[in-house]
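Novice: The structure follows.
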Amino acid sequence: MKVLALASYPIEMAATRYRLYQFVAPLKARGITLTIRPFIDSNLSASMYKRAEWPRTTVGLMRATFRRLREAWQAKAADVLLVQREAMMFGPPFIEWLASRISRCPMVLDLDDATYVSYTSPTYGRLGSALKFFGKTDHLIRWAKVVICGNRTIAEYVSRKGARSVVIPTVVDTESFRPAAHTFEKDLVVLGWIGTHSTFPFLERLFPILRELARTHPFKLKVVGAGKSDIDIPGVEVESLEWSLAREIEDFQSFDIGLYPMDTERYGSEWVSGKSGFKAIQYMAVGLPFVMTPVGVCAEIGEGGVTHYPATSEAEWQDALRKLISDRELRGRMGQAGRMHALAHYTVEAQTDKLVHALQEAVGQTT
């Protein structure tokens with residue numbers, strides 16, 4: 422079987438890397454060739470969210486659009502078209518319409534996020550939101566033979582639209598994402614967070630909590646991917662690094678405690694509930710205890726009090742972090758329990774079987 426995958430972003434973005442590229446080899450072993458065509462390349466992705474780079478970004482997007490038109494016709498040679506979120510990050514679903522209707526290639530849609538919920542772009546404001554054409558997701562759901570969903574919340578939305586859904590969570594290769602081979606004694610316990618500029622406001626909500634906690638429990642905060650070189654929290658030593666693909670696993674392994682805050686007040690419960698909970702799976706895979714806001718699927722991942730602590734209020738966050746900072750043995754037990762949970766529930770091998778079945782179903786090969 423030949424599968425043509427159209428993704429919005431290059432391999433540096435988690436959705437493309439973990440929902441497409443890491444399945445190339447396992448699918449090949451099952452007789453399925455997965456060809457991935459990102460809409461923007463790595464260079465354009467680096468300038469995309471810098472407003473000062475808009476001339477370069479505009480030219481790059483125009484070139485990417487013409488290239489995408491050619492790729493839509495290439496769907497004629499594929500058995501299945503796999504669209505990860507959307508073929509292009511702006512405009513109506515014209516490319517998907519060309520590939521699935523004109524080229525007559527059965528389409529499978531992959532939604533790891535609640536892309537059907539509108540929001541205001543933190544970089545381009547209302548203009549960016551208008552260009553996103555949020556209504557396209559509903560069209561894609563209707564056209565797809567099967568919709569692969571990152572969690573139950575998204576699957577329920579898809580089912581309400583009358584489409585066939587299957588849940589495949591975003592996972593990591595647990596052979597690569599694993600506890601560090603060696604641990605070293607540190608002067609300070611390291612609280613860590615890895616994300617993007619768009620999710621950094623989630624972490625900012627914890628700053629007052631962390632400032633108060635540091636009065637009695639010294640620690641270091643390591644932030645990766647926030648897009649800010651200087652982060653100031655009185656009384657807290659903060660290290661802020663740019664995200665790096667080559668350093669990704671090492672950064673996770675360098676933490677003692679993972680942070681996974683969510684903010685339903687600012688972003689709305691529907692959008693936040695559609696998040697995949699992927700960070701929790703990454704934390705568990707490397708054997709890291711963590712504290713997480715139990716919203717949406719995040720209330721279902723892991724086992725509260727065993728693999729992590731769920732926390733909603735400021736008091737719950739402070740209590741959970743105090744326990745973990747103060748008790749090294751507790752961190753070890755929780756981390757080990759999380760690692761075992763990841764191996765039992767979130768392996769690439771198990772999710773590959775589900776993906777194969779969804780692709781076969783799209784072309785009528787299942788019984």
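Whatever position you read off the sequence shown (first residue = 1), add 421 for the numbering used here.
A virtual CB, placed ideally from N, CA and C, is assigned to each residue, including glycine.
Remember, predicted model here, so these are calculated numbers, not experimental data.
With a threshold of 6 Å on Cβ separation, who are the neighbours of K423 within its own chain once the five nearest residues in sequence on each side are excluded?
Specialist: Closer than 6 Å at the Cβ level, and outside the excluded window around K423, lie T454, A499, D500.
Novice: Do you know whose CA, among P514, Y704, T479, lies nearest G616's CA?
Specialist: Y704
Novice: Round the Cβ separation of A706 and F598 to the nearest angstrom and send it over; I've been treating them as touching at under 8 Å.
Specialist: Beta-carbon to beta-carbon, A706 and F598 are separated by about 4 Å, close enough to satisfy the 8 Å threshold.
Novice: In chain order, which beta strand (DSSP E) runs of at least 3 residues are fully inside the segment 699-730?
Specialist: 711-713
Novice: Using the Cα positions of Q781 and L448, report the straight-line distance between them to the nearest angstrom.
Specialist: 12 Å
Novice: Can you list, in chain order, the stretches of the alpha helix (DSSP H) that have 4 or more residues and sit fully within the segment 635-693?
Specialist: 669-674, 685-688
Novice: So for Q786, helix, strand or coil by DSSP?
Specialist: In the structure shown, Q786 adopts coil according to DSSP, grouped into three states.
Novice: According to DSSP, simplified to helix, strand and coil, what is K497?
Specialist: helix
Novice: Could you tell me the distance, in whole angstroms, from the CA atom of T620 to the CA atom of V727?
Specialist: Per the coordinates, the alpha-carbon of T620 lies some 26 Å from the alpha-carbon of V727.
Novice: Return the residue from the list F673, P710, A647 that minimises the CA-CA distance to G753.
Specialist: P710
Novice: Looking only at C-alpha atoms, which of A647, V659, A763 sits nearest to P639?
Specialist: V659
Novice: How far does the beta strand (DSSP E) with M528 in it extend, from its first residue to its last?
Specialist: Bounds of the beta strand (DSSP E) holding M528 are 528-532.
Novice: Taking just the CA atoms, how far does D740 sit from A584?
Specialist: 43 Å
Novice: Is it the case that the segment 603-611 contacts the segment 578-594, given that we only count it when at least three CB pairs across the two stretches are under 8 Å?
Specialist: no
Novice: If you pair each beta-carbon of the segment 484-495 with each one of the segment 528-535, do three or more pairs fall below 8 Å?
Specialist: no
Novice: From the DSSP output, read off the bridge partner residues of R458.
Specialist: L427
Novice: Label G794 either buried or exposed according to how many other C-beta atoms from any shown protein chain fall within 10 Å of its C-beta, with 16 as the threshold for buried.
Specialist: Lying outside 422 to 788, the shown extent of the chain, residue 794 is not represented and no answer is given.
Novice: If you compare alpha carbons, which of P527, T574, P622 is closest to R563?
Specialist: P527
Novice: Per DSSP, which one or two residues make a beta bridge with S586?
Specialist: V568
Novice: Report the partner residues of W738 according to the DSSP bridge assignment.
Specialist: Per DSSP, W738 has no beta bridge partner at all.
Novice: In angstroms with no decimal places, state the Cα-to-Cα distance between V587 and H618.
Specialist: 30 Å
Novice: According to DSSP, is Y545 helix, strand or coil?
Specialist: Annotation note: pLDDT 49 at Y545 (below 50); position unreliable, no value reported.
Novice: Can L425 and L502 be called in contact, C-beta distance under 9 Å?
Specialist: yes
Novice: Which residue from V529, L627, S463 puts its Cα closest to that of G785?
Specialist: V529
Novice: Would you list the residues sitting across from W614 in a DSSP beta bridge?
Specialist: V644
Novice: What is the DSSP secondary structure of V504, counted as helix, strand or coil?
Specialist: strand
Novice: Return the first residue and the last residue of the alpha helix (DSSP H) that M761 is part of.
Specialist: Looking at the DSSP string, the run of the alpha helix (DSSP H) that includes M761 is 749-766.
Novice: For A508, count neighbouring Cβ atoms within 10 angstroms of its own Cβ and tell me buried if that reaches 16, exposed if not.
Specialist: buried
Novice: With a CB to CB cut of under 7 Å and the five nearest residues on each side skipped, what residues in its chain are close to I575?
Specialist: L532, A535, G695, listed in sequence order.
Novice: Give me the Cβ distance between W664 and G646, rounded to the nearest whole Å; I'm assuming they're in contact under 8 Å.
Specialist: 4 Å
Novice: Can you tell me whether S521 is buried or exposed? The criterion is at least 16 other CB atoms within 10 Å of its CB, across all chains shown.
Specialist: That one is buried.
Novice: My understanding is that G759 touches G708, with C-beta atoms under 8 Å, so please give their C-beta distance in whole angstroms.
Specialist: 6 Å
Novice: Using only alpha-carbon positions, find the residue among R525, M713, E724, E671 that is nearest to L624.
Specialist: M713
Novice: Under a three-way DSSP split, which group does L627 fall into?
Specialist: coil
Novice: At what residues does the alpha helix (DSSP H) containing V445 begin and finish?
Specialist: 445-449
Novice: What are the boundary residues of the alpha helix (DSSP H) that F515 is part of?
Specialist: 515-518
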